[in-house]
């Protein structure tokens, strides 16, 4: 008696033994899921705005993963560094990867529409704002509470305190943005009123304010100006892009004005670099005396103006492209996981570097980022970081959803853990 099939299976297989005939079935299933996602999208959904938000969001992990690195001490301790320290000619890459101007632009536009819909349903401004702040706060509380639990665990496993502080710094880096974004969101009613009354002049005032502070801290009187004066740029600098978005949502930013923003932004950006010697990098570089982004300088606003003008001009073309289900599906997924990506992408990079530190100076990961070869190898590491982020996000994305069923005691514990992590990350413990 034989157990063999009377008709031998002569189908070609892949290296893993999966029949090639299964591939079309998998593609068909994926295609059906993509089309279903497209069909469930409401007709009124502004796909271009979602596409711009997804693009700006992806620039955050891409920028941190490419322009951030580690150095390793002889004892295996990791420290943060940047390839821009040794490879300053790569600074123009930060012009493309720093897209916070676009993020604030679409944020302002989306907030106007969301507030308008809430008012039409009879909701209050306070209720609308509370919902928006809660959506921002839950993931932040989640990542900081989890890290507060991880720090003593990893320390007990022998990870040096300095390495843990390096990881904590990475986590804190993108979270400042959430705080700033929460503040500008709270100002939405005032931004709407200003846009309705003065149009784009409401944004121009913010630009002039930042320019005035920059003249004081970088001009002839710089030696007599206190260092804290730059903090005056913190709110108007980041509110600028948001106010442009509010004007856009209120119909006060059309294509003619967008062309002025694009051309004027590019001209101002070039002038600040060539004649006023602003740092070329849009992100902080260790060892540099001046930093463009913390707090924002006039160069940041020039870039935001140019990016915003380009975004408005490309809106219709982008909307047409995103009518294709295959392009729209990843935009939906990215937007649904926005805060997870923002809060956990640095943890994904650290999760790759921490075990590698035991192996020595791993190229593109724990080796000093001072050669073009490092950049090439780091590009090869990006898919690894992305996979780790997906794995981490599959567990932590629940923090973005409403915390139903989570009692007051658990919320209090999470808040205490988050506060403890902040104390550690800021170097107070």
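In the working numbering, the protein residues as written are 14 to 442.
Glycine is no exception: its CB is placed at the ideal position from the N, C-alpha and C atoms.
Residues that residue i bridges to, as DSSP identifies them
i: residue 84; result: 92
i: residue 309; result: 306
Residue closest to residue i, alpha-carbon to alpha-carbon, out of the options
i: residue 279; options: 301, 307, 320 and 150; result: 320
i: residue 274; options: 365, 414 and 324; result: 324
i: residue 170; options: 212, 416, 368 and 427; result: 368
i: residue 327; options: 246, 345 and 272; result: 272
i: residue 156; options: 297, 411, 420 and 345; result: 411
i: residue 423; options: 289, 158, 194 and 322; result: 158
i: residue 188; options: 127, 329 and 152; result: 152
i: residue 71; options: 40, 109 and 105; result: 109
i: residue 389; options: 397, 376, 399 and 415; result: 376
i: residue 403; options: 429, 351, 371 and 393; result: 351
i: residue 173; options: 436, 184, 219 and 91; result: 91
i: residue 205; options: 39, 252 and 180; result: 252
i: residue 130; options: 114, 58, 146 and 166; result: 58
i: residue 322; options: 349, 353 and 267; result: 267
i: residue 62; options: 105, 115, 84 and 43; result: 115
i: residue 221; options: 103, 315 and 234; result: 315
i: residue 139; options: 200, 345, 64 and 415; result: 200
i: residue 366; options: 334, 299 and 84; result: 84
i: residue 150; options: 126, 195 and 81; result: 195
i: residue 161; options: 148, 178 and 145; result: 178
Whole-angstrom C-beta distance between residue j and residue i, which should lie under 8 Å
i: residue 111; j: residue 359; result: So it is not a contact: roughly 16 Å between Cβ atoms.
i: residue 318; j: residue 277; result: 6 Å
i: residue 198; j: residue 142; result: 7 Å
i: residue 229; j: residue 242; result: 6 Å
Length-filtered (4 minimum) alpha helix (DSSP H) runs lying within the region 260–306: 268–287
I'd like to know if the region 382–394 and the region 90–98 are in contact, where contact means that at least 3 CB-CB pairs between them fall below 8 Å. yes
Can you list, in chain order, the stretches of the alpha helix (DSSP H) that have 4 or more residues and sit fully within the region 354–436? The qualifying runs are 385–409.
Cβ contact check for the region 206–214 and the region 254–268: 3 or more pairs under 8 Å: yes
Mind the definition here: the region 43–62 touches the region 130–144 only if three or more C-beta pairs lie below 8 Å; say whether that holds. no
Sufficient close CB pairs (3 or more, under 8 Å) joining the region 114–126 to the region 293–311: no
I'd like the ranges of any beta strand (DSSP E) spanning at least 3 consecutive residues and lying wholly in the region 95–183. Runs of the beta strand (DSSP E) inside the region 95–183: none found.
Quick one: which unbroken alpha helix (DSSP H) runs of 4-plus residues sit fully inside the region 199–229? Chain order, please. 201–211
Is it true that the region 342–357 meets the region 391–406, where meeting means three or more beta-carbon pairs spaced less than 8 Å apart? yes
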